[in-house]
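Remarks on the structure that follows.
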Amino acid sequence: MRRLIPSLLILLVIGAGAYGGWRWWAAPGEARTAPVTQKVVIGDVENSVSALGTLQPQNYVDVGTQVSGQLQKIHVEVGDKVEQGQLLAEIDPTVYLARVQADEAQLLNLKAQMQEKLAQKKLLESQLRRQKELLAARATSADAYDTAEAAVQQVVAQISALEAQIKQTQSTLDGDQANLRYTKIYAPMTGTVVSITARRGQTLNANQTAPIILRIADLDTMTVWTQVSEADVPKLKIGMPAHFTTLGQPNKRWSGKLRQILPTPDVVNNVVLYNALFDVANPGQELLPQMSAQVFFILGEARHVPVVPMAALKPVRGGKGQRYAVKVMENGVPVERQVEVGVTSRLLAEVKSGLAEGDEVVLDPSGGAPAAQQQQQRPRTPRI
2 MRRLIPSLLI LLVIGAGAYG GWRWWAAPGE ARTAPVTQKV VIGDVENSVS ALGTLQPQNY
62 VDVGTQVSGQ LQKIHVEVGD KVEQGQLLAE IDPTVYLARV QADEAQLLNL KAQMQEKLAQ
122 KKLLESQLRR QKELLAARAT SADAYDTAEA AVQQVVAQIS ALEAQIKQTQ STLDGDQANL
182 RYTKIYAPMT GTVVSITARR GQTLNANQTA PIILRIADLD TMTVWTQVSE ADVPKLKIGM
242 PAHFTTLGQP NKRWSGKLRQ ILPTPDVVNN VVLYNALFDV ANPGQELLPQ MSAQVFFILG
302 EARHVPVVPM AALKPVRGGK GQRYAVKVME NGVPVERQVE VGVTSRLLAE VKSGLAEGDE
362 VVLDPSGGAP AAQQQQQRPR TPRI
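Take 2 as the starting number for the sequence shown in this note's numbering and just add one per residue.
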């Protein structure tokens, strides 16, 4: 009997060790079969097309010069706010002032000649009248009358020529006076100076192209230039809502409505991208030109509704509308239901019927854990 007791103890120890080893070996497998669940909660769903954009002022103008010359003065700096008609810059007016003075002198000379010819015409017309009276009294010859008449016609022609010269000189003077005025450059609009591309003392040549001196922009309204892929362009509709965030303020959202889709695309590395434009108010001027924007065009949205993860939904074959199958935990057991969903995104779906807030849905209907969990829960090889 004494020999039997130690044998029984040994068997119990061996059995307990075997059971413990079996539990250690089987435990990861049991955890692996536990379904991953998540509760239905109240939230927001947004179905959108995302793209990258760049901010530009809606209204801006590049201020250039219409005349050539040395840039003598720039009266503004980058960031200055200017009013329409404000003096911005000045070009050396010496050459244009000399041309205006020469035209004025030439015009005075022609007008003096005109006065001389008019006086001559008056004299010749008087002589012609006397010749006509003498010819009627047969006191002069027809040849003398014809000479007097020809002299009047000649001076009339000279006056016409002088009138044409005066008009031509006046036209030249007007053009030179305009060029003289162009040596002073004024703001064509109210806005902010966002860039200056010329420097004081620089010689500007306007004979071929108009040199740009600076840019004025109205920063109160910005336009978002968004590049949308050709696959997403058919989803966009003029007037649809859009919003964006910037790198500097990722938690602040600016909103607008799609205004225009440009028909000519940009092709970048064989990728066809179309420019979609929408405007946004910028009263505080927090948004600046060339800022990058993460843009979302809203295809559909639902606010404060029951939402379920898309990972829990499985399409129903032959089902009408937005119907899906989902497994719901009831008394610890997954039970399949059919639900109707509304707006969907890549992660969430709006629940219209079939589920209620607080229901616990299975995210992995097959019962297997995610790959990362499976890697962590893989059975370990017992040490020998």
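By construction, the Cβ of each residue, glycine as well, lies at the ideal position given by its N, Cα and C atoms.
Note that this is a predicted model, so its numbers are computed, not measured.
Beta-carbon spacing of residue i, residue j below 8 Å
i, j, result
"V41", "A303", "no"
"L125", "L163", "no"
"Y97", "D177", "yes"
"V50", "L237", "yes"
"T198", "I186", "no"
"V363", "T38", "yes"
"T227", "Q57", "no"
"L278", "Q261", "yes"
"V317", "Q286", "no"
"L220", "S196", "no"
"A158", "Q128", "no"
"V273", "E231", "yes"
"P290", "P36", "no"
"I160", "L135", "no"
"V229", "A52", "yes"
DSSP-derived helix/strand/coil call for residue i
i, result
"I186", "strand"
"V272", "strand"
"A199", "coil"
"P142", "The question names Pro, yet the displayed sequence has Ser at residue 142. DSSP places S142 in coil when its eight states are reduced to three."
"D233", "coil"
"V153", "helix"
"S69", "coil"
"N180", "helix"
"Q57", "strand"
"Q228", "strand"
"A313", "helix"
"P290", "coil"
"A162", "helix"
"D219", "strand"
"L205", "strand"
"K238", "coil"
"D360", "coil"
"T193", "strand"
"D147", "helix"
Residues near residue i in its chain [Cβ-Cβ closer than 8 Å; skip 5 each side]
i, result
"V83", "V77, L89, A188, T191, G192, T193, V194 and I217"
"N206", "S69 and P212"
"T1", "Nothing about residue 1 can be reported from this structure: the residues present for the chain run from 2 to 385 only."
"L108", "I167, T170, Q171 and L174"
"Q114", "L163"
Element boundaries [alpha helix (DSSP H), containing residue i]
i, result
"V336", "Note, V336: premise wrong, no alpha helix (DSSP H); beta strand (DSSP E) at V334 to T345."
"R131", "T95 to A137"
Alpha carbon of residue i to alpha carbon of residue j, nearest angstrom
i, j, result
"G257", "V352", "28 Å"
"Q132", "Q102", "45 Å"
"V329", "E361", "6 Å"
"K122", "Q116", "10 Å"
"V309", "F298", "22 Å"
"Q203", "L259", "43 Å"
"W255", "L181", "46 Å"
"E337", "Q323", "16 Å"
"A326", "T246", "36 Å"
"Y183", "G80", "24 Å"
"I43", "T265", "43 Å"
"S346", "D267", "28 Å"
"T95", "Q154", "44 Å"
"N241", "S293", "The amino acid occupying residue 241 in the given sequence is Met; Asn does not appear at that position. Taking the straight line from one Cα to the other gives about 21 Å."
"Q410", "Q67", "Outside the displayed range of the chain (2 to 385) lies residue 410, so it cannot be described from this structure."
"R201", "A179", "23 Å"
"P235", "S354", "30 Å"
"V342", "A350", "6 Å"
"K315", "D233", "25 Å"
"I239", "V62", "27 Å"
"Y146", "A106", "39 Å"
Beta strand (DSSP E) segment containing residue i, residue limits
i, result
"H305", "S293 to P310"
"N283", "Run containing N283: none; DSSP gives neither H nor E here."
"T38", "T38 to K40"
"L259", "W255 to I262"
"H244", "P242 to T247"
"K353", "L349 to S354"
"E91", "L88 to I92"
"R324", "R324 to E331"
Cut-off 7 Å between Cβ atoms - residues of its own chain near residue i, not counting five sequence neighbours on either side
i, result
"G301", "N48 and V344"
"D104", "T170, T173, L174 and D177"
"V269", "none"
"N252", "none"
"G65", "A211, P212, I213 and I214"
"A312", "L364"
Cut-off 6 Å between Cβ atoms - residues of its own chain near residue i, not counting five sequence neighbours on either side
i, result
"Q73", "E91 and D93"
"Q85", "A188, M190 and T191"
"I75", "A90 and R201"
Interface flag, residue i vs chain C, CB-CB below 8 Å
i, result
"I167", "The structure shown contains no chain C; it holds only a single protein chain."
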